[in-house]
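J.: Starting off with a structure, shown below.
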Amino acid sequence: MKSWKTAVMAVGLLLGTVAAHADNGLELAKKSGCLSCHSVDTPKVGPSYKSVAAKYRGQPGAEAKLIAKVTRGGSGSWGMMPMPAKGGNANLSEEDIKNLVKWILSR
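Mind the numbering: the sequence shown is residues -22 to -1, 1 to 85 in mature numbering (1 follows the signal peptide of the UniProt record, and there is no 0), read in order.
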C-alpha cells in the first residue's frame, strides 16, 4: 500500500513539473520578445514552435544545433527572413536560450 501511494505522489510531482516547465517556457518566450516573430502553433515572421519541434524531432544533436542557431542567428533554414542573434535580445542569457530551446523542442 505504501509503495502505491509513493508511486501516485511521484506521478503527481512529475506532472506538476511538466506543467510548470511549459508555463515557464511560454513566459520566457513572451518576456524575451520571441513571440514578436514566432508563435506556438502558427507561423508568423518565423516558424511556429510546433514546426521547429517537428523538424528536429529525433535528430541527434538537435538541441545543440538550435541553441547555436538562437545564439548566433542566421538565415536560410525557414525562408528568406534572417533571425538575429539572440532573437534581437542582447540580454538573453545562455541559460535562458537553453531553457527556451528545451521548451520549443517539447512542443
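The beta-carbon is built from N, C-alpha and C at its ideal position, and this holds for glycine as well.
Among the residues of its own chain, which have a CB less than 8 Å from the CB of residue 133, if the five just before and after it don't count?
T.: The first residue shown for the chain is -22 and the last is 85, placing residue 133 beyond what the model contains.
J.: For Ala7, which residues in the same chain have their Cβ closer than 7 Å to its Cβ, ignoring the five residues on either side in sequence?
T.: Leu13 and Leu78
J.: Please say whether Gly51 and Met61 have beta carbons closer to each other than 8 Å?
T.: yes
J.: So, for residue 88: in the same chain, excluding its five sequence neighbours on each side, which residues have a beta-carbon less than 6 Å away from its beta-carbon?
T.: Because the chain here runs from -22 to 85, residue 88 falls outside it and cannot be looked at.
J.: Going along the chain, which residues of its own chain have a beta-carbon closer than 6 Å to the beta-carbon of His(-2), five neighbours each way excluded?
T.: Low confidence applies to His(-2): its pLDDT is 48, below 50, so where it sits in the model is not reliable, and the reading given next is rough at best. Nothing meets the Cβ criterion.
J.: Got a sec, what are the start and stop residues for the alpha helix (DSSP H) Arg50 sits in?
T.: Ala40 to Arg50
J.: Where DSSP assigns a beta bridge to Met61, which residues make up the other side?
T.: Gly52
J.: At a cut-off of 7 Å, would you count Ala68 as near the ligand SAM, judging by its Cβ distance to the nearest heavy atom?
T.: As for the ligand SAM, it is missing from this structure, which has no ligand bound.
J.: Under 8 Å by Cβ, that's how I've got Gly24 and Trp56 pegged, so tell me the actual separation to the nearest angstrom.
T.: 6 Å
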